[in-house]
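Let me begin by presenting the structure, written as structure tokens, before commenting on it.
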Amino acid sequence: MSHIVPESIKQAVMGGHGGSQAKATQLAANTVEPTKDTRITSDWGTKQNNTDDWLKVTNEDHTGPMLLEDGFGREKIHRFDHERIPERVVHARGAGAFGTFRLHESIPELSSAGVLNDTSRETPVFLRFSTVLGSRGSADTVRDVRGFALKMYTDEGNWDIVGNNIPVFFIQDAMKFPDVIHAGKPEPHNEVPQAQSAHNNFWDFMYMHSEATHMYMWAMSDRTIPRSYRMMQGFGVNTYTLTNDKGERHFVKFHFTPELGVHSLVWDEALKLAGQDPDFHRKDLYEAIESGCFPKWKFGVQVLPESREHEFDFDILDATKVWPEDLVPVRYIGELELNRNVDEYFTQTEQVAFCTGHVVPGIGFSDDPLLQGRNFSYFDTQLSRLGINWQELPINKPVCPVMNFNRDGAMRHTISKGKVNYWPNRFEAQPPASVAEGAYIDYPAKIEGMKQRTRSAKFKEHISQAQLFYNSLSEIEKSHVLAAFGFELDHCDEAVVYERLSGRLADIDLGLAQSVSEMVGGPKIEKSNRPNHGRKAPGLSQMDFLPKKPTIASRRIAILIADGYDPIAFSAFVGGIKGAGALPFVIGARRAPVYAAGEDASNSKGVTPDHHFEGQRSTMFDAILIPGGEKSIKTLSSMGRALHYVREAFGHLKTIGATGEAIDLVNKAIQLDDIQLSSSHTLESYGVVTLRDVKPEGLGDVLNVAKDAKGFLEKFVYNVSQHRCWQRELDGLSTQV
Ligand code: HDD
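Residue numbers (my numbering): 166 to 902.
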């Protein structure tokens, strides 16, 4: 009877190799783009003649009552009334993009997954970044964990890795998730604060749940104020499993490490940006992809055979623990690249729906109790956001065929042909797949035990890795953790909250606890209940992730000018920055032509700044450059906003480059005296690169970046590649903003 199974159904079961364009091609079938001949129609397709005036009974003055009869008018308002769907209960604010996953090293000994075996494949992906606590309209740069949710449209089905930029989580068991989120979201009585963990309920919860200690140490580090989504790590967080063709199983953790390094904003900058440019991260991602600077991450796995499960002093299924990289190294086997912006935010970034339960053959789950609960929650939440047929939405649809007897439900799109909708059936139509045909096989794990609500002994140890994390940070990072606790607990006005939490910190580090407690008005802390074990591990400090080859690709550099600027330095700056793959932005007093020394409207078109000083503040740039020019510098020196620009950039530890007279402007703005600038600490050691006499050869060759570079531009580029000049902060010079 097999002859009656249609060819399309056979293909559906067998699958087929789609390629990197498979998703784009599929989406194109659902994409509309108006041409100049396109005319507005109603939703039922009738061309409309007037979309501005409701149908009325009019008198001579053309006024009069409106008619309910107007189907066009009613449709327009009705559609508008229902535009909103529920925002995500967490991770409501986000931004996403399309890209490609490539495998460099096949791992058949670990997994039979096609996407982890076939190095010739280019798997299309969608990645959505997010903050956790804020509403859809909240600001990008708030202190918060960032979501890193990846959907791989593989030939064998969608594989979702729904991760974060921090490798651990607040809780161990999914049953606690509603509690931790309720505690972090705005408080119930007054719905305050928005997108912040700095409030009583959050820190009350943190104290009450010592399992959260490790995670909140990460949350108080610079990880939660990233410079860019492109400069964050991504972690699968939970422990998954890989199964090979022989049916052998390994435990695995997934890692994504950004090519540009792991970098953060400084706190003052993050606070200002939340007001000055709430879309800072969203725009940064969009701008980088539009300018061809495609963000890339190395994809790595940490793998443990089943036989090693109980080898460690932590439980490898506990999501509040990392697998320290000195014990279990990361093996990098692939690469993720984002290379296409969305065409429409709502239908793509808003309607994308991830599920930790979406895995493909060769990949499975572990008994991690957080993961198991997540596998229920994501499916469930999509029902209230998107409805039962959410997997048919273009952004969610797999690129391989989907064929089954799940039917009907609101807004069903697929038209399924055939006389039967169940299996087995008299036609033998749509049988389940065999292993040879690529079916997903559940790992036959042997289970026995007591049915009870409990946790393993190792799950009850909560402090050791919090210490490990804190010990592994650089001095600068540690000082930021202290400042973050200072800010957060200052926003808690109930003494019991900040007093207890300060006390708990003594379990991690006595010095930290004492400093925090003193700052926020907590108790005098004399001793620690848990002496710090002093151990460190690699891969925890973000300083471990500076790119090996210095790069300033996609960095935003502001060039400040006024009439009379030095044209030689200016041209070299623009050319040099572009040559190094960064983005130059000219900033002037207004968006109207500015003329170089020796030029005016009669002999030149001038340069029209991209922005003026009020429009884009220094916070929106990674570094600033100022060409000399007597008249230009005189003007800029007399402008409070220009001086503030330089002072603020200096305070935010950004590289500043100045030539000729501009050096005087920098000195006036940052006001470092001779004591601060001793022989060991020159302006240059504080990341201020200067060149008094401008000759083209002195400007240097930016493509040859090295620490000992001689040319002005080489030095500037090297400094920018190091992200920030921490020496300023170590010497207490960053507070003058
Ligand atoms: Fe979750 C969304 C990451 C634990 C329940 N989660 C969501 C998103 C990310 C994460 C990145 C946004 C997805 C998107 O962009 O659409 N969640 C995590 C990580 C966790 C975690 C890394 C710990 C390892 N989550 C977690 C638990 C539960 C949930 C324990 C419930 C038991 N998460 C949800 C959710 C969301 C969600 C309520 C909201 C919107 C959505 O799922 O699609 O179901």
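For each residue, glycine too, the CB sits at the ideal point set by N, CA and C.
> What three-state label does DSSP hand Gly499 in the structure shown?
Replying inline: strand
>> Does the distance between the C-beta of Asp545 and the nearest non-hydrogen atom of ligand 1 fall short of 8 Å?
In response: yes
>> With H, G and I counted as helix, E and B as strand and the rest as coil, what does DSSP make of Met231?
In response: strand
> Which first and last residues belong to the alpha helix (DSSP H) in which Phe570 is found?
Replying inline: It is not in any alpha helix (DSSP H) - Phe570 carries neither H nor E in the DSSP assignment.
> Taking the alpha helix (DSSP H) that Asn884 falls in, what are its first and last residues?
Replying inline: Phe877 to Ser886
>> Rounded to the nearest angstrom, what separates Asp829 and Ile798 at their Cα positions?
In response: 8 Å
>> Can you tell me whether Tyr372 is buried or exposed? The criterion is at least 16 other CB atoms within 10 Å of its CB, across all chains shown.
In response: buried
>> What does the alpha-carbon distance come out to for the pair Glu557 and Val517?
In response: 11 Å
>> Considering only DSSP beta bridges, list what Pro712 is partnered with.
In response: None; Pro712 has no bridge partner.
> What number of angstroms, rounded off, separates the C-alpha of Gly183 from the C-alpha of Cys565?
Replying inline: 7 Å
>> Let me confirm a value: Val197 is counted as buried when at least 16 other C-beta atoms fall within 10 Å, else exposed. Which label applies?
In response: exposed
>> The alpha helix (DSSP H) that contains Ile398, what's its start and end?
In response: According to the sequence as given, residue 398 is Gln; it is not Ile. Counting along the chain, Gln398 falls outside any alpha helix (DSSP H), and DSSP gives it neither H nor E.
> Can you tell me the Cα-Cα spacing of Asp855 and Ala788, whole angstroms?
Replying inline: Before going on, a small fix: residue 855 reads as Thr here, not Asp. Each residue's alpha carbon lies about 14 Å from the other.
>> Three Cβ pairs or more, each shorter than 8 Å: is that satisfied between the region 451-465 and the region 498-509?
In response: yes
> What separation, rounded to the nearest whole angstrom, lies between the Cα atoms of Gly440 and Val307?
Replying inline: 10 Å
>> Beta-carbon within less than 6 Å of Gly238's beta-carbon, same chain only, minus the 5 sequence neighbours each way: which residues are those?
In response: Trp219
> Does the beta-carbon of Trp209 have 16 or more other beta-carbons within 10 angstroms, so that it is buried, or is it exposed?
Replying inline: exposed
> Based on the DSSP output, what are the partners of Ile791 in its beta bridges?
Replying inline: Ala823
> Can you tell which of Leu677, Gly825 and Ile250 has the C-alpha that lies nearest to the C-alpha of Asp858?
Replying inline: Gly825
> Grouping DSSP H, G and I as helix and E and B as strand, with all else coil, what is Asp433?
Replying inline: helix
>> Using a 10 Å radius around the Cβ and a threshold of 16 neighbouring Cβ atoms, would you call Ile742 buried or exposed?
In response: buried
> What span of residues does the alpha helix (DSSP H) with Trp368 cover, start to end?
Replying inline: Asn365 to Met373
> Any beta-carbon of chain D closer than 9 Å to the one on Met380?
Replying inline: No chain D appears in this structure, which consists of one protein chain only.
> ligand 1 heavy atoms versus the CB of Leu848: any closer than 8 Å?
Replying inline: no
>> Rounding to the nearest angstrom, what Cα-Cα distance links Leu884 and Lys714 in this structure?
In response: A quick correction: the sequence has Asn, not Leu, at residue 884. One C-alpha to the other measures close to 13 Å.
> Taking C-alpha atoms, which residue in Pro696, Ala702 and His776 lies nearest to Ile722?
Replying inline: His776
>> Could you check whether the Cβ of Ala339 sits closer than 8 Å to any heavy atom belonging to ligand 1?
In response: yes
>> Let me check you understand the geometry: is the CB of Phe416 closer than 8 Å to at least one non-hydrogen atom of ligand 1?
In response: no
> In or out: Gln836 buried (at least 16 other Cβ within 10 Å) or exposed?
Replying inline: exposed
> Is it true that the CB of Glu321 sits closer than 9 Å to the CB of Gly529?
Replying inline: no
> How many Å lie between Pro332 and Ile628 at the Cα?
Replying inline: 16 Å
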